[in-house]
Amino acid sequence: MRSASLSLLLVATGLTAADAKLDFNRDIRPILSDNCFACHGFDAKKRKGKLRLDTAEGATALKDGIRAVKPGDPEASELIKRILSKDPEEVMPPPDSHKQITAAQVDILRRWIAQGAAYRKHWSFEPRCVRRFPPSPAPRRSTRSCTLNFPSRACSPPPKPTRPASCAA
Ligand code: HEC
Numbered sequence: 005m006r007s008a009s010l011s012l013l014l015v016a017t018g019l020t021a022a023d024a025k026l027d028f029n030r031d032i033r034p035i036l037s038d039n040c041f042a043c044h045g046f047d048a049k050k051r052k053g054k055l056r057l058d059t060a061e062g063a064t065a066l067k068d069g070i071r072a073v074k075p076g077d078p079e080a081s082e083l084i085k086r087i088l089s090k091d092p093e094e095v096m097p098p099p100d101s102h103k104q105i106t107a108a109q110v111d112i113l114r115r116w117i118a119q120g121a122a123y124r125k126h127w128s129f130e131p132r133c134v135r136r137f138p139p140s141p142a143p144r145r146s147t148r149s150c151t152l153n154f155p156s157r158a159c160s161p162p163p164k165p166t167r168p169a170s171c172a173a
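Its first residue numbered 5, the sequence shown is counted upward by one per residue in the numbering used here.
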């Protein structure tokens with residue numbers, strides 16, 4: 005009985021980990037950045053194979069009938085095929101780059117593509133998920149009477165802190 009519930013628990017946690025929604029900036033960008041962006045990133049001069057993996061447009065573009073990333077379909081995605089290839093001419097990252105991707109990372113990439121391969125802007129371009137209060141419009145000395153007379157027209161309650169929609173998840 006005890007071992008049965010334990011294995012149930014393990015199955016349950018295993019499922020949760022596998023189904024957890026992956027986040028591009030947290031889970032995917034670091035892998036691509038370490039292993040792929042040197043040759044498939046922002047820098048057009050260093051870009052190889054005319055493939056750009058740091059944008060959704062680049063990664064999903066159709067070229068000669070293949071897509072590096074086919075959202076929802078890891079098996080049809082050239083990116084997964086190349087990473088798993090046994091052919092030293094094909095495998096990515098190329099052996100002479102001395103970069104190496106782990107089985108766990110491949111699994112993450114595969115799950116991300118299966119989940120729809122959602123891209124997100126680099127975190128520095130995203131609104132920050134912090135409570136932001138607009139600067140107080142009233143000069144300091146008026147604060148007190150303002151509070152005492154509340155509610156008055158001159159002293160409307162401070163606007164609610166804004167939380168950018170992108171932080172909802
Ligand atoms: C050291 C440079 C370098 C690195 C690092 C690198 N690649 Fe490449 N990649 C290339 C070159 C060169 C080509 C073009 C020749 C070819 O198709 O093999 C290419 C081609 C590809 C293609 C085929 C593009 C097409 O349209 O045919 C895919 C997919 C790809 N790379 C994925 C990756 C992924 C994913 C990574 C990281 C895990 C990666 N590459 C890392 C150099 C690199």
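For every residue, glycine included, the Cβ atom is placed at its ideal position computed from N, Cα and C.
Where K67 falls: helix, strand or coil (DSSP): K67 falls in the strand class under three-state DSSP.
Which of helix, strand or coil DSSP assigns to C43: DSSP places C43 in the helix class (H, G or I) of the three-state scheme.
Cβ-based neighbour list, I84, same chain, cut-off 8 Å, excluding 5 preceding and 5 following: Here I84 has P78, V110, L113, R114, I117 as same chain residues with Cβ atoms under 8 Å from its own Cβ, once five neighbours each way along the sequence are excluded.
Buried or exposed by the 16-neighbour rule on C-beta atoms within 10 Å, applied to L36: With 16 or more other Cβ atoms inside 10 Å of its own Cβ, L36 counts as buried.
Selected residue, minimal CA-CA separation from I32, among A48, S128, E130, A121: Nearest C-alpha to I32: A121.
Any non-hydrogen atom of the ligand HEC within 7 Å of H44 CB: Remark: the shortest separation between the CB of H44 and any heavy atom of the ligand HEC falls under 7 Å.
K125 to K25 span [Cα, whole Å]: Just so you know, the alpha carbons of K125 and K25 end up roughly 17 Å apart.
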